[in-house]
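K.L.:
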Amino acid sequence: MTGTSAQLKALAPLAFLLGSACSDQATFSPGTPPASAAFRLASMSSCGASFRMITTEDDSLMTQHGLSTAVDTLDVCESWTGNDYVYQAVELGSSENIPGFEEEIQTVMYQSGYVSGYAATGELISQPSSVGPTAFDFLYADEPTRQASYDYPYYGISSPDPSVCTTCLQIQAGSKPAKIPPATSTVQGDTIGVPRFTRHGIMRLGVRALIDKSEEIGPSIEGYRRFRMTNGTKTTVRAIHPLSQLLMSEEFSEPEGTMRVLHTWTRVPGGYVKDRSTYSSTEQIDGREIRGAGKILFTNVRVTDPRFPVP
295 MTGTSAQLKA LAPLAFLLGS ACSDQATFSP GTPPASAAFR LASMSSCGAS FRMITTEDDS
355 LMTQHGLSTA VDTLDVCESW TGNDYVYQAV ELGSSENIPG FEEEIQTVMY QSGYVSGYAA
415 TGELISQPSS VGPTAFDFLY ADEPTRQASY DYPYYGISSP DPSVCTTCLQ IQAGSKPAKI
475 PPATSTVQGD TIGVPRFTRH GIMRLGVRAL IDKSEEIGPS IEGYRRFRMT NGTKTTVRAI
535 HPLSQLLMSE EFSEPEGTMR VLHTWTRVPG GYVKDRSTYS STEQIDGREI RGAGKILFTN
595 VRVTDPRFPV P
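Quick look at the structure:
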């Protein structure tokens, strides 16, 4: 595995949390990379959010070639800068399923459109490489994903209750949300007296922005509210719990394949943190259908950014 592919591997969790996918077909105009000192992950002194991810993944193509299930353990630290993330992933353990392969890069950092790789000693072994103006551009994040990050940057792993928010409307569990006209503001955050992203009566930060421009369709068999959005050939359906207003599942479909993701959450004082995400996928490669499956366990979730509500 090259340095670049190792970097992409470590950044994959960020792509997953943003609900997007990256592509190796994109090209970017290189700019001026930040000073190398800014890329030394050991020096990243604070995290807006931190958590451990244990990822288990396999697929039918791996099985055909005699490769076993891959398991990776990463410690993730990320901070929201106002329009982008600073992100680091430190690999703690891996059951790399390629015989004889030894991973040199143990730590990866994304910052200001560049990605760098470091050895376990902290030595820079992969020079900063340009991947796009922001993490959103690199991961082809759609507008709802961007807006959800502006609404609550850590919505992928943490979800404070609306009752503890200072910028979102109050709701009561079990009550039917009031019918509210669509918001028209396009600036970050709520305008006083004019909350954003309230079209569907969802008040949970991040979630409300994620489905604001979707149309509501029939409920799931579990009774979750479902919201569908089509962008070109890609269709996304998200399911929201009608009482807690948590994001429970996501389905992505396009001609090349489909993916379904199920999320579970753990109650904590003031809100919820994500417990796990389980996914299954099908993909067409050279006329063959490849099936994949995996899960991501989240532990030690902490949100410490004082600018945002903290469960």
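Counting in the working numbering, the sequence shown runs from 295 upward without gaps. Every residue, glycine too, gets a C-beta built ideally from N, C-alpha and C.
1. Nearest to R561 by CA position, among L499, G581, S538, is which residue?
2. Would you say Y448 and A343 are within 8 Å of each other, going by their C-beta atoms?
3. Under DSSP, the alpha helix (DSSP H) around S443 begins and ends at which residues?
4. Tell whether a beta-carbon distance below 8 Å holds between A413 and Y381.
5. On the criterion of 16 or more Cβ atoms from any shown chain inside 10 Å, does L386 qualify as buried, or is it exposed?
6. Alpha carbons only, please: which of E577, T558, S575, T576 is nearest the one belonging to K568?
7. Based on Cα-Cα distance, which residue from S547, G500, G495 lies nearest to E510?
8. Around the C-beta of R520, are 16 or more other C-beta atoms found within 10 angstroms, so that it is buried, or is it exposed?
9. With 16 as the cutoff for other CB atoms within 10 Å, does R601 come out buried or exposed?
10. Decide if G512 is buried, meaning its Cβ has at least 16 other Cβ atoms within 10 Å, or exposed.
11. So, at 6 Å on beta carbons, what are the nonlocal neighbours of T593 in its own chain, with the 5 sequence-adjacent residues on each side left out?
12. Can you tell me which of the three DSSP states L504 falls into?
13. Whose C-beta lies closer than 6 Å to the C-beta of S574 among residues of the same chain, with five residues either side of it excluded?
14. Would you call P549 buried or exposed, if buried means 16 or more other Cβ atoms sit within 10 Å of its Cβ?
15. So if DSSP puts R582 in a beta bridge, which residue, or which two residues, is it bridged to?
16. Return helix, strand or coil for D606, following the three-state DSSP convention.
17. Please state whether the Cβ-Cβ distance between L504 and P454 is less than 8 Å.
18. Just the C-alpha distance for F432 and D378, rounded to the nearest angstrom, thanks.
P.N.:
A quick look at the data gives this:
1. For the purposes of this step, residue 561 is taken as the residue at position 267 of the sequence shown. For R561, the nearest C-alpha among the options comes from S538.
2. Walking along the sequence shown from the start, residue 448 turns up at place 154. Walking along the sequence shown from the start, residue 343 turns up at place 49. Cβ atoms of Y448 and A343: closer than 8 Å.
3. Working through the sequence shown from its first residue, we reach residue 443 at position 149. Start and end: 437-445.
4. Residue mapping note: residue 413 aligns to position 119 of the sequence shown, counting from 1. Residue mapping note: residue 381 aligns to position 87 of the sequence shown, counting from 1. The answer is no: Cβ separation not under 8 Å.
5. As a working mapping, residue 386 is identified with position 92 in the sequence shown. Result: exposed.
6. Within the sequence shown, the letter at position 274 stands for residue 568. Answer by Cα proximity: T558.
7. As a first step, residue 510 is located in the sequence shown; it is residue number 216 there, counting from the start. Minimum Cα distance to E510 is reached at G495.
8. Counting from 1 along the sequence shown, the entry for residue 520 is found at position 226. So R520 ends up on the buried side.
9. Start at 1 with the first residue of the sequence shown, and residue 601 comes out as number 307. Label assigned to R601: exposed.
10. Within the sequence shown, the letter at position 218 stands for residue 512. With fewer than 16 Cβ atoms within 10 Å of its Cβ, G512 is classed as exposed.
11. What you label residue 593 is simply residue 299 of the sequence shown in a count that begins at 1. Closer than 6 Å at Cβ, skipping near neighbours: R346.
12. Numbered from 1 along the sequence shown, position 210 holds the residue referred to as residue 504. Residue state, collapsed to three classes: helix.
13. As a first step, residue 574 is located in the sequence shown; it is residue number 280 there, counting from the start. Excluding sequence neighbours, S574 sits near R554, A587.
14. Residue mapping note: residue 549 aligns to position 255 of the sequence shown, counting from 1. Under this definition P549 is an exposed residue.
15. By one-based count along the sequence shown, residue 582 stands at place 288. Answer is I579, bridged to R582.
16. Absent from the model: residue 606. The displayed extent of the chain is 295 to 605, so no value can be given.
17. Numbered from its first residue, the sequence shown carries residue 504 at position 210. Numbered from its first residue, the sequence shown carries residue 454 at position 160. No. Outside cutoff.
18. Against the sequence shown, residue 432 aligns to sequence position 138. Against the sequence shown, residue 378 aligns to sequence position 84. Straight-line Cα distance between these residues: approximately 11 Å.
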